[in-house]
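In the working numbering, the protein residues as written are 4 to 366.
Beta carbons: idealized from backbone N, C-alpha and C, even for Gly.
First the structure, in the form of structure tokens, and then the observations on it.
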Ligand SMILES: Nc1ncnc2c1ncn2[C@@H]1O[C@H](COP(=O)(O)OP(=O)(O)OP(=O)(O)O)[C@@H](O)[C@H]1O
Ligand SMILES: [Mg+2]
């Protein structure tokens, strides 16, 4: 059992405020993913929870008890570090059993537990090998096993899959998912990979510059991003973001940023006129049918056929090209420079105000 609460948790390194007043509760058995760009404070937060870093302010509570002054080994948590150093002169089995030796677990029990966890992460065949003889993916499995064997109430995993190739990453990601389903313990998993966050999390905590900017289920984060930063961070390719003006025109609400002049759906009727940003995901932009002019006509800049679908990049007065995803190869042969009419799915349009906060839809 482990319910973890952070209350106004802070960490400064000299003048650098790495973590700025975090407040949240993680319920027993949840799979939480901390995600955010490099340097936003993910590792620092995890290390404070684990007890390897002293907070400069605030409290950490585990099951209601303040643990700020508890040694890491007395917190009942298990951490897999961002750089998963194994002991180079111990073989895999000895690496895994190390935590049990520290707890004076008898030898016969140690052997049994090492076999069990090795089986769980599928490294039974590696037990006699030395770390230098293991591949990157195998070492990461060993690091995971080394934490598993101590049977912690909570797993703290700091980018445990970072050094793997895409395929192995997906495989081990599925492994983490399976472990969570079997063990039902609390997992806090750190990554800067938005796709990993989307696939693993019960709830995602999005961090930016030492703060948590949004907490939500993967679907909430994807479809209702709290602000421009979150909107931009999740999804690949990223959400199209067009800076312009929200205007009231003869009782109708429009968004204008040449060449865009888009009727905004009714749900935005309470939006204040003035500067704003329109957001639309590439999968919600479609090539308008022959008869329709669509919402906007843009010249093609680049065509990327990916097999399952084709990405079309358009010239627009935006920081990045405007992107549409079309199915299959239908649009793979369109010419660069050709003007294509595009429709924006009105149900999927997002609006952000001048400060970058999402405009809530009104009923
Ligand atoms: N020991 C330290 N001394 C000084 N500054 C530090 C120390 N550890 C971290 N920082 C600073 O604190 C901030 C947060 O660092 P942290 O390692 O928590 O980021 P992160 O989100 O884990 O990034 P990454 O994705 O690159 O691992 C950064 O600005 C970093 O430079
Ligand atoms: Mg880190």
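(message) When you measure from the CB of residue 115 to every non-hydrogen atom of ligand 1, does any distance come out below 7 Å?
(response) Answer for residue 115: no, Cβ out of range of ligand 1.
(request) Please confirm whether any heavy atom of ligand 1 lies closer than 7 Å to the CB of residue 46. (result) For ligand 1, a non-hydrogen atom lies closer than 7 Å to the CB of residue 46.
(request) Taking residue 290 and residue 334 to be in contact with their CB atoms under 8 Å, please state how far apart those CB atoms are, rounded to whole angstroms. (result) In this structure residue 290 is in contact with residue 334, their Cβ atoms being roughly 6 Å apart against a cut-off of 8 Å.
(message) Quick check: does the Cβ of residue 143 come within less than 7 Å of any heavy atom belonging to ligand 1?
(response) No; taking the cut-off as 7 Å, the Cβ of residue 143 has no heavy atom of ligand 1 nearer than that.
(request) Could you tell me if the beta carbon of residue 161 falls within a distance shorter than 7 Å of some heavy atom in ligand 2? (result) Using a cutoff of 7 Å, the CB of residue 161 counts as near ligand 2, since one of the ligand's heavy atoms is closer than that.
(request) Put residue 226 into one of helix, strand or coil per three-state DSSP. (result) Secondary structure at residue 226: helix, using DSSP grouped into helix, strand and coil.
(request) Look up residue 296 in the DSSP assignment and say whether it is helix, strand or coil. (result) Here residue 296 sits in coil by DSSP.
(request) Alpha carbon to alpha carbon, how far is residue 123 from residue 365? Give it in angstroms, no decimals. (result) Roughly 49 Å between the two C-alpha positions.
(message) As a quick exercise: from 113, 155, 143, 119, pick the residue whose alpha carbon is nearest that of residue 77.
(response) Closest by alpha carbon: 155.
(request) Sort 168, 58, 361 by Cα distance to residue 138 and report the nearest one. (result) Minimum Cα distance to residue 138 is reached at 168.
(request) Measuring alpha carbon to alpha carbon, tell me which of 54, 210, 79 ends up nearest residue 45. (result) Residue 210 holds the alpha-carbon nearest to the alpha-carbon of residue 45 among 54, 210, 79.
(request) Hey, could you find the ends of the alpha helix (DSSP H) residue 271 is sitting in? (result) In the DSSP assignment, residue 271 falls outside any alpha helix (DSSP H), carrying neither H nor E.
(request) Using the Cα positions of residue 100 and residue 287, report the straight-line distance between them to the nearest angstrom. (result) Cα-Cα distance, rounded: 51 Å.
(request) Pick helix, strand or coil for residue 106, following the three-state DSSP scheme. (result) Reduced to three states, the DSSP call for residue 106 is coil.
(message) Using 8 Å as the threshold, is the C-beta distance between residue 222 and residue 159 below it?
(response) Taking 8 Å as the Cβ cut-off, residue 222 and residue 159 do not qualify as a contacting pair.
(request) Take residue 15 as the anchor and find which of 355, 114, 214, 172 has the nearest alpha-carbon. (result) The candidate whose alpha carbon is nearest that of residue 15 is 214.
(message) Measuring CB atoms only, is the segment 241-255 touching the segment 290-307, in the sense that at least three cross pairs come out at less than 8 Å?
(response) Counting Cβ pairs under 8 Å, fewer than three are found: no touch.
(request) Mind checking which residues open and close the alpha helix (DSSP H) that includes residue 203? (result) For residue 203, the uninterrupted alpha helix (DSSP H) segment begins and ends at 197-203.
(message) Taking the straight line between their C-alpha atoms, what separation do you get for residue 71 and residue 270?
(response) Going by the C-alpha atoms only, they are around 47 Å apart.
(message) Distance check for residue 48 and residue 86, CA to CA, integer angstroms please.
(response) When only Cα atoms are considered, residue 86 and residue 48 end up about 16 Å apart.
(request) Taking 8 Å as the cut-off, decide whether the C-beta atoms of residue 218 and residue 27 are in contact. (result) Judged by beta-carbon spacing, residue 27 lies within the 8 Å limit of residue 218, meaning their Cβ atoms are closer than that value.
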